[in-house]
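Residue 25 is where the sequence shown starts when you use the working numbering, and the numbers rise one by one after that.
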Amino acid sequence: MALTPADTRARYGGVLNNGVVTPRREQSWGEEMANSISHGIGLVAALAGTPVLLERAARHGDIGFTIGVALFAMSMILLYLASTLYHALPPGRAKRMLRMFEHAAIFVLIAGTYSPFALGILDGPWGWSLLVIIWGLALFGIILKLGRRMTSPLISTGLYLIMGWLIVAATLPLYERMPAAGLALLVAGGMAYTAGVVFFTLDARWRYGHLIWHLFVMAGTGCHYFAVLWHGA
25 MALTPADTRA
35 RYGGVLNNGV
45 VTPRREQSWG
55 EEMANSISHG
65 IGLVAALAGT
75 PVLLERAARH
85 GDIGFTIGVA
95 LFAMSMILLY
105 LASTLYHALP
115 PGRAKRMLRM
125 FEHAAIFVLI
135 AGTYSPFALG
145 ILDGPWGWSL
155 LVIIWGLALF
165 GIILKLGRRM
175 TSPLISTGLY
185 LIMGWLIVAA
195 TLPLYERMPA
205 AGLALLVAGG
215 MAYTAGVVFF
225 TLDARWRYGH
235 LIWHLFVMAG
245 TGCHYFAVLW
255 HGA
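What follows is the structure in structure tokens.
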């Protein structure tokens, strides 16, 4: 019996583009376990690092910065938890649902990463403008993802990149207020995420390409974690 486009998407996780389903290569059990373990390590690191981040924010920052740090910590935990669970599950409805939540959580992580800087070192017109724009874009992306209105990986990945590099609009105030080491960590984190996108988009061709993407994500998060910890306020 011939499969309908909906059946094909459900079975293979394909994307419907102009009526044509492009199937994704199913990750092997070994790949999925590596994917889950890698972001499981990221989850443990995020949970362990959160108290340190919050304690330092409470001592060295004001209430706004502390709220921003809490949003960043929450977004890290959410992303790594969703990713760990998604990759650990066998194929089926639950895995497909968690895949949507994982992709929505990427929007949350991007906006969460902006929050401590927008409410800390950039506090004021620059910070509030960035905060409203980035969380607005994140909400837009989340609604489309969870509503299954954004099925093309190219569109969602493009939006992730646009949101991530929106920070260049605040280059001058950041340069004036943040030490060079903090700027270097911000840029390094952005470059890690961007470089990892190559492996994310080509993981259908490269075995363990998705694992490499995960490692770049963890490197990017780590850079931004220490930028917040040492230079955010």
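C-beta atoms are modelled at their ideal positions from N, C-alpha and C, and glycine is treated no differently.
Please read these numbers as outputs of a predicted model, since none were measured by experiment.
If you draw a straight line from the C-alpha of residue i to the C-alpha of residue j, how long is it?
i, j, result
"G165", "Y199", "29 Å"
"R173", "P115", "22 Å"
"S107", "S60", "7 Å"
"F141", "H111", "31 Å"
"A208", "I91", "24 Å"
"W237", "L105", "16 Å"
"D227", "R83", "43 Å"
"A97", "T74", "6 Å"
"W159", "S139", "9 Å"
"A128", "G88", "25 Å"
"S17", "E79", "A question about residue 17 goes unanswered here, because the residues of the chain that appear run from 25 up to 257."
"M215", "E126", "21 Å"
"F223", "M57", "17 Å"
Taking the alpha-carbon of residue i as reference, which of the options has the nearest alpha-carbon?
i, options, result
"T218", "G206, A205, T245", "T245"
"L143", "G64, A94, V211", "A94"
"M124", "L168, R229, L67, E56", "L168"
"S99", "P197, G66, R80", "G66"
"G220", "P177, F240, F250, L235", "F240"
Since residue i contacts residue j with CB under 8 Å, what's their CB separation in whole angstroms?
i, j, result
"L103", "I130", "6 Å"
"H255", "G213", "12 Å between Cβ atoms; not a contact."
"E55", "R231", "7 Å"
"L253", "L77", "6 Å"
"L190", "I157", "7 Å"
- prompt: For the segment 131 to 139 against the segment 68 to 75, are there 3 or more C-beta pairs whose distance is under 8 Å?
  reply: no
task: Indicate whether the contact test is met: 3 or more Cβ pairs, each with one atom in the segment 143 to 154 and one in the segment 181 to 188, closer than 8 Å.
output: no
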